[in-house]
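Residues are numbered in this note's numbering as their position in the sequence shown, beginning at 1, plus a constant of 6.
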Amino acid sequence: MGSESPQLHIFFFPFMAHGHMIPTIDMAKLFASQGVKATIITTPLNAPLFSKSIQRARDLGFDIHIRTLKFPAVEAGLPEGCENVDTITSNEPNKGLLTKFAVATSMLQEPLEHLLQECRPDCLVADMFFPWANDAAAKFGMPRLVFHGTGFFPLCVSECIKLYEPHKKASSDSEPFVVPGLPGDIKLTRKQLPDFVFEDIQDDRTRFFKQVKESDLKSYGIVVNSFYELEPAYADHFRQVLGRKAWHIGPVSLYNRGIEDKAERGKQASIDEHECLKWLDSKKPNSVVYVCFGSVANFNSAQLMEIAVGLEASGQQFIWVVRRDKADKGNEDWLPEGFEKRMEGKGLIIRGWAPQVLILDHEATGGFVTHCGWNSTLEAVSAGVPMVTWPVAAEQFYNEKFVTQVVKNGVAVGVQQWTRLVGDFVKSENVEKAVKEIMVGDKAEEIRSRAKAVAGMAKRAIENGGSSNSSLKALIEELKLCRH
Ligand code: UDP
């Protein structure tokens with residue numbers, strides 16, 4: 007590609023959280039597969055999380071590199087070695103540390119500028135959480151693209167809520183209101199909105215999100231991990247009504263085709279991938295429900311207990327990922343007496359990190375209980391797996407509406423309250439009911455066939471000439487024209 011013009015060089019700078027780093031690494035590899043030189047910027051302790059996968063891409067001949075910036079953890083008042091949001095939220099979520107983490111990331115502007123000066127790339131793709139990245143890119147006359155890590159639908163909902171403030175007119179926290187100005191009759195309640203929507207709470211967090219929005223508007227455009235056929239009305243709305251410049255290039259997870267690439271995303275998995283595949287291979291198609299709540303959300307022991315009871319009562323086979331680190335291993339107060347013994351062969355608990363895409367892509371996996379992080383949602387869409395939606399934080403309630411009201415490839419577990427990190431309480435009966443609903447019966451079949459049809463569209467979108475492939479190529483051509 008582009009033999010006449012010099013090679014395009016793009017910097018990719020993800021926020022240091024797995025839900026942001028994982029798709030950005032996929033994206034960098036995707037651009038590199040199109041002949042672009044891709045450099046991923048991260049910090050020393052985050053680089054090893056994906057260095058093997060980058061090495062594999064290099065072995066294939068991709069021009070892809072990692073450069074690190076020292077992370078000023080101690081300078082910002084964080085414990086030494088705290089370079090990923092994961093290290094803050096894996097045990098007791100600590101609000102103070104999250105604020106310090108944000109301070110530390112903002113201190114990366116200067117070292118990033120030094121690197122931009124040294125390497126002079128043609129474009130900077132920087133995470134939404136780096137609102138100062140526009141200024142850094144502008145100093146060197148290059149465009150800055152924003153990566154949110156989320157889809158058109160949640161971006162549109164977020165924007166319409168900000169523009170029309172429908173929550174202010176609702177008579178109570180639990181009264182559903184329609185999101186105005188948005189295609190579809192999308193209903194939400196005040197309880198389901200992220201806290202930073204309530205601008206009357208003037209704290210560092212709301213101020214920060216204001217900067218993020220402003221930076222979005224001033225950026226060159228937005229790269230979206232989605233595909234047109236999944237959300238045509240919202241992709242159009244985002245561009246034509248909200249007036250944003252955006253390119254859809256996903257689902258980026260689909261570019262991981264080998265077992266190693268699918269298994270080694272984010273952290274080192276807590277189960278050997280071959281052992282996991284062997285377990286799944288012994289099961290019938292669509293007979294296992296996979297339960298995982300992403301890399302940040304947390305539940306207390308009482309909630310984990312309800313999940314265990316609900317799963318057992320559903321009678322379904324399952325793989326359940328529980329984010330309890332090594333220190334908790336001795337303390338199993340979250341499991342009913344004799345649970346693992348009773349579930350032997352029927353249920354597998356992974357303590358820590360699971361090879362999620364490998365599991366979702368296996369034909370035995372027939373359902374996914376998810377917190378509706380955009381990556382997880384899109385990975386399930388790509389694999390054609392129906393979902394039980396259990397949103398916790400961030401824009402996850404918007405994503406739930408997308409699954410249950412727009413694509414209709416899942417059912418809600420019934421959680422009502424947005425929380426920052428620790429999920430709102432759901433009873434075992436709700437877990438049992440929702441799991442059965444997507445796994446057995448006529449309604450389950452109907453949802454499954456819809457999910458499979460959308461997965462087919464996802465695969466076609468990334469093929470040569472598909473909607474995401476064309477959008478990616480158009481973006482590359484435009485960036486070539488931008489450079490001087
Ligand atoms: N993930 C994984 N194994 C786990 C938990 C998460 O591979 O045990 C991956 C998952 O496949 C997804 C990402 O981590 O790519 C989580 O991103 P998402 O947007 O779903 O949620 P977040 O972690 O940002 O809340």
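Backbone N, C-alpha and C define an ideal beta-carbon position, used for all residues, glycine too.
Only a predicted model underlies this, so the values are computations on that prediction, with no experimental measurement involved.
Check                                                                                                               : Outcome
Ligand 1 heavy atom lying under 7 Å from the CB of residue 381                                                      : yes
Reference residue 411, options 189, 41, 303 and 299, closest by Cα                                                  : 189
Where residue 43 sits in the DSSP three-state scheme                                                                : strand
Sequence-distant residues of the same chain with beta carbon closer than 8 Å to residue 312, five excluded per side : 431, 432, 433, 434 and 437
Alpha helix (DSSP H) segment containing residue 285, residue limits                                                 : 279-287
Cβ of residue 390 within 8 Å of any chain B Cβ                                                                      : Chain labels in this structure do not include chain B; a single protein chain is all it has.
Rounded straight-line distance, which links the Cα of residue 199 to that of residue 182                            : 11 Å
Assigned secondary structure, residue 27 (DSSP; H/G/I helix, E/B strand, else coil)                                 : helix
Per DSSP, the bridge partner or partners of residue 416                                                             : 393
Cβ-based burial, residue 97 [other Cβ within 10 Å; buried from 16]                                                  : Residue confidence for residue 97 is low, a pLDDT of 49 falling below 50, so the modelled location carries little weight; the figure read from the coordinates is stated next. Flag for residue 97 reads exposed.
Rounded C-alpha distance that separates residue 185 from residue 201                                                : 17 Å
Collapsed DSSP secondary structure at residue 140 in the structure displayed                                        : helix
Start-to-end residues for the beta strand (DSSP E) that takes in residue 456                                        : Per DSSP, residue 456 belongs to no beta strand (DSSP E); it is in the alpha helix (DSSP H), 448-468.
CA-to-CA distance, residue 400 to residue 233, given in whole angstroms                                             : 21 Å
Residue 19 vs residue 131 beta-carbon contact at 8 Å                                                                : yes
Residue 279 Cβ short of 7 Å to ligand 1 heavy atom set                                                              : no
Beta-carbon proximity check, residue 317 vs residue 353, cutoff 8 Å                                                 : yes
Three-state class that DSSP yields for residue 147 in the structure shown                                           : coil
Cβ separation of residue 465 and residue 364, assumed to be a contact under 8 Å, to the nearest whole Å             : Contact flag wrong, Cβ pair sits at about 17 Å.
Proximity of residue 392 and residue 405 at Cβ, strictly below 8 Å                                                  : no
Selected residue, minimal CA-CA separation from residue 37, among 56, 71, 175 and 53                                : 71
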